[in-house]
Amino acid sequence: MKPFQRICFFLCLLGGLQVKAQGPPMNLGNRAFGNNSGGARGKSDSLQKRDLLADSITLYFRYFDSTRNRSLDSSVNDFTRRLPLPYTFQNLGNLGSAARSLVYQPLMKPGFDAGFHAFDVYGFSEANTRFYQTTRPYTELGYMIGTKAEQMVDLVHTQNRTPNFNVGLEYRFINAPGYLKNSNASQSSLRITTQFRSRNKRYGFFLVYFSNKSGVSENGGVINRKRLDSLSLNDPFELETRLGLSGAVNRNPFNTTVTTGNLYRKNQFLFRHQYDFGQRDSLVTDSNVVRLFYPRFRIEHTLRYGTEDYRFLDLNTDTVRYQLFFNYPIQTGTVLEFRDRWRNLQNEFSLISFPQKNNQSQFFKTGVSLQQVWGTIDTNTAIRLNNVFGTVEYRNRTRNQVWDIEAKADLFLSGFHAGDYAVWASLGRSLGKKSGWLRLGMHQVNRSAAMLFRPESDFPLRNPGNYNKENNTKLFVRYELPQRDLVMGAELHLTANYLYLDSFFVAQQESKLFQVLQVYVSKKFKLAKHWNWYTEVHFQQAAGNPPLQLPLLLTRNRIAFEGNFFTNLNLSTGLEFRYMSGFQPDNYSPFLGRYFYQQQNRIANRPDLHAFLHFRIKSFSAFVRAENLQTLGVTQNGFGFNTPNFPAYDYPAPTLWTRVGIFWRFVN
497 MKPFQRICFF LCLLGGLQVK AQGPPMNLGN RAFGNNSGGA RGKSDSLQKR
547 DLLADSITLY FRYFDSTRNR SLDSSVNDFT RRLPLPYTFQ NLGNLGSAAR
597 SLVYQPLMKP GFDAGFHAFD VYGFSEANTR FYQTTRPYTE LGYMIGTKAE
647 QMVDLVHTQN RTPNFNVGLE YRFINAPGYL KNSNASQSSL RITTQFRSRN
697 KRYGFFLVYF SNKSGVSENG GVINRKRLDS LSLNDPFELE TRLGLSGAVN
747 RNPFNTTVTT GNLYRKNQFL FRHQYDFGQR DSLVTDSNVV RLFYPRFRIE
797 HTLRYGTEDY RFLDLNTDTV RYQLFFNYPI QTGTVLEFRD RWRNLQNEFS
847 LISFPQKNNQ SQFFKTGVSL QQVWGTIDTN TAIRLNNVFG TVEYRNRTRN
897 QVWDIEAKAD LFLSGFHAGD YAVWASLGRS LGKKSGWLRL GMHQVNRSAA
947 MLFRPESDFP LRNPGNYNKE NNTKLFVRYE LPQRDLVMGA ELHLTANYLY
997 LDSFFVAQQE SKLFQVLQVY VSKKFKLAKH WNWYTEVHFQ QAAGNPPLQL
1047 PLLLTRNRIA FEGNFFTNLN LSTGLEFRYM SGFQPDNYSP FLGRYFYQQQ
1097 NRIANRPDLH AFLHFRIKSF SAFVRAENLQ TLGVTQNGFG FNTPNFPAYD
1147 YPAPTLWTRV GIFWRFVN
């Protein structure tokens, strides 16, 4: 389905829904929906008192592999909660383009890894999958439009077909034609979930399917960044780029054709089913009998099947530019294509015991997994990998909510990735309602090099090989005090055999151990009756002279006028700025889809400055933003918004950028 057809479909869906606007999603009375003339239908007494819960909804969700119930977030003070790109991430200036974290976050996953993660932040994953429980069908529709026809469509729908069977649907589409030549980006994600529990509560299953598609044009950066000061039309689209031909560019928001760029596709299917043995019980009330079941022992099987397709394509190659900017010899007009395709099948068999019958948040789990991976490199070479790994896990969140203990270990016993492992342990303790929550923990991962760095890959790494296993250890402490809106913590990362790129096509491995210390604080300050100051500060320092470039300081601050006005208006308006200290940011290799280490160019950008007006009226939320106000200045083009920041040396970020987003919640 084309993007234009998608939008029309969702508008028709919105028009066809017979729904009532909803307020906060938890336990809503009929006052949140207004008067309903049909409420007394079939009643002879028009003065009969209405049932306040007649139009209410109870809705909560759990993340996959979690037993903690959570409620939806209806706040409007932070726009990044609506975007898939957190403020700690930096892309190449265009929503949907390759993004990386400004805070050190090594990949903490053992076993098979294809090696392509530049667009992961935009897509759905197993870890962020939600399983809902709701008493009534619930839908949320969202649409955002920005400068240069940037747009995002967001859909969430869930309903319980029966009290013990829920289905959910999520869809998100991002399209940004870009402000530079050959920079259009498209991200499309779909997720379907179901969960079922039998009437006797012994058998249950969870099903997840998600698909992420990325079509991102790559321009390699501008050829001459100094020309930004002397643009004839004051439009960066005039600038020539290192990849792509001037005659081949397209700014049509409904045309996401990629002639020079990356085409990634990932599909994942998961089916987990379980059978419980335990104790029956019942709860007798005045009107009915509630059947209860306490599991004591569980047999569980999890099936995962996924496909991954990674492709770089250039139909507009130019000999001079490839040699001059990338030192890559090629004949003009040659079609350049690299492609890796993978299929992954995994079966996990587990046994779970529950020591305390009325606390399913305490359990001990042991299991073994059999994994088969098939690869197709280019169109001819076939690869097959096998792994066997074991899992041991213990969790205990006490019923009085004082202690929260988690411990888990995965070890690859045999196969291609034998010796890989992951160990996680954390201890949480409630210090009292007025004293907050404290958590200590550690996470260690020993992982093989991604397939991108191995000779089997079709991508043009000049020195592929059998690199040593990378080892990452994270020690962390986190303290939360909700009454004071305070979160603070520290992390110490220890990394050995760090594998990275140091140019467009060359990999390096740092054998010696280095460490990165991070300290962060998040706090809300009450300045006046309706004035609030939100501040988030990250400090990080690397020791051991590693091949790693990080800003010493990263901070985001928001000064907002907020409050509830006219009964139903929830308002948040003000200024937001993000600042990072000067450093030498990584450059980007479009051919490998990864950022790489560089020391030649240092960047000290102005703080990002945005003005915003956010509000919510019952179930309707709107976000109006004017971003990148810091680009206002005087150049050869005159006075205006024409002094952009640079996320990477040859990639200018947008100047003044406006966004308008609406999000509407419905209950059927």
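Those letters in the sequence shown? Residues 497 to 1164, by my numbering. Note that CB positions come from ideal geometry on N, CA and C, so glycine has one too.
Residue i, buried or exposed, once every other Cβ within 10 Å from all chains shown has been counted against 16
| i | result |
| --- | --- |
| Y699 | exposed |
| Q1037 | exposed |
| L1044 | buried |
| Q897 | exposed |
| T875 | exposed |
| V780 | exposed |
| V973 | exposed |
| Q842 | buried |
| S542 | Unreliable positioning characterises S542 in this predicted model, as indicated by a pLDDT of 46, which lies under 50. The coordinate reading is nonetheless provided below. Exposed, because fewer than 16 other Cβ atoms sit within 10 Å of the Cβ of S542. |
| A1003 | buried |
| A1056 | buried |
| R794 | buried |
| A945 | buried |
Backbone secondary structure at residue i - three-state DSSP
| i | result |
| --- | --- |
| Y890 | strand |
| P1150 | coil |
| K722 | helix |
| E622 | coil |
| F560 | coil |
| F1000 | coil |
| E804 | strand |
| L548 | For L548, the predicted structure reports a pLDDT of 48, less than 50, and the residue's modelled location is therefore unreliable. A value from the coordinates is still provided. Coil, per DSSP. |
| Y963 | coil |
| G1157 | strand |
| Y583 | coil |
| K644 | helix |
| G538 | Residue confidence for G538 is low, a pLDDT of 40 falling below 50, so the modelled location carries little weight; the figure read from the coordinates is stated next. In this structure, G538 counts as coil in the three-state DSSP scheme. |
| Y628 | strand |
| F575 | helix |
| E734 | helix |
| F529 | Its pLDDT being 30, under 50, F529 is placed unreliably in this model, and the value from its coordinates should be taken loosely. The answer is coil: DSSP assigns F529 none of H, G, I, E or B. |
| D616 | helix |
| P499 | Legend: pLDDT at P499 = 47, less than 50; position of this residue unreliable, value from coordinates given subsequently. Correct three-state label for P499: helix. |
Distance CB(residue i)-CB(residue j) smaller than 8 Å
| i | j | result |
| --- | --- | --- |
| Y628 | L555 | yes |
| R1155 | R1112 | no |
| A992 | Q1011 | no |
| N1028 | E1058 | yes |
| F701 | S685 | no |
| N1133 | S726 | yes |
| V663 | T690 | yes |
| K853 | Y790 | yes |
| F1119 | G1157 | yes |
Proximity winner among the options, relative to residue i (alpha-carbon distances)
| i | options | result |
| --- | --- | --- |
| P1150 | F1135, G1134, Q1126, V1130 | Q1126 |
| N883 | V572, D900, F912 | F912 |
| N715 | G611, G757, P732, S1077 | G757 |
| Y760 | H653, N660, L988, W838 | W838 |
| P580 | S567, F620, F765 | F620 |
| T872 | N1124, N696, F834 | F834 |
| R687 | F661, T654, Q819 | T654 |
| R787 | S778, R794, R891 | S778 |
| F669 | K644, Y639, V663 | Y639 |
| N967 | T584, R943, N840 | R943 |
| Q647 | R657, T625, S682, G664 | S682 |
| F1116 | E636, N573, R578, N587 | E636 |
| E472 | K904, G886, T803, L811 | This structure cannot speak to residue 472, because the chain is shown only from 497 to 1164. |
Straight-line Cα distance separating residue j from residue i
| i | j | result |
| --- | --- | --- |
| G829 | F808 | 16 Å |
| V1015 | M984 | 8 Å |
| F1092 | P606 | 22 Å |
| W1160 | L603 | 35 Å |
| R558 | A623 | 11 Å |
| R895 | F767 | 29 Å |
| G642 | G937 | 41 Å |
| A517 | S865 | In this prediction, A517 scores a pLDDT of 36, lower than 50, which makes its location untrustworthy; the coordinate-derived value is nonetheless stated afterwards. Their backbone Cα atoms lie some 46 Å apart in a straight line. |
| A595 | R776 | 51 Å |
| N1041 | K1008 | 10 Å |
| P1081 | D1146 | 11 Å |
| N1066 | S571 | 9 Å |
| L799 | D561 | 14 Å |
| A672 | A1100 | 26 Å |
| A918 | T969 | 10 Å |
| G674 | G774 | 58 Å |
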